[in-house]
Amino acid sequence: MTAKVTLSFTDETIEDARRFAKREGLSLSAWMDQAAREKALREVFTAHAAAVGRAGLDLESAALADAREVGMVNDLFSGGRPRAA
215 MTAKVTLSFT DETIEDARRF AKREGLSLSA WMDQAAREKA LREVFTAHAA
265 AVGRAGLDLE SAALADAREV GMVNDLFSGG RPRAA
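Going by my numbering, the residue at position 48 of the sequence shown is 262; the numbering climbs one at a time, nothing skipped.
Rendered as structure tokens:
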């Protein structure tokens, strides 16, 4: 379903949006819809990342630590020789 709304934007914002919409082969309405949806998703993901951080579930750091440990084990088994890239 599509809702019709009246919005106000600065001249610069509309000029940029029209240019980007044209470049992507979209109507201004479709481009603005996509831009708003992407912004909303970034807000959701940012809030999720903050919640994960508050819960102490820093998965990225844990994954990097695991990768370092795997590298150390590989180095031990390769006799301390550097691994091939």
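Glycine is no exception: its CB is placed at the ideal position from the N, C-alpha and C atoms.
Check: Span separating the alpha-carbon of Arg233 from that of Val219; Outcome: 21 Å
Check: Nonlocal neighbours in the same chain, by C-beta distance under 7 Å from Trp245, ignoring five residues either side; Outcome: Ala231, Phe234, Ala235, Glu238
Check: beta-carbon Ala265 near the ligand COA non-hydrogen atom, thresh 7 Å; Outcome: For the ligand COA, the structure offers nothing, since it holds no ligand at all.
Check: Leu310 to Ala276 span [Cα, whole Å]; Outcome: Any question about residue 310 goes unanswered here, given that the chain covers just 215 to 299.
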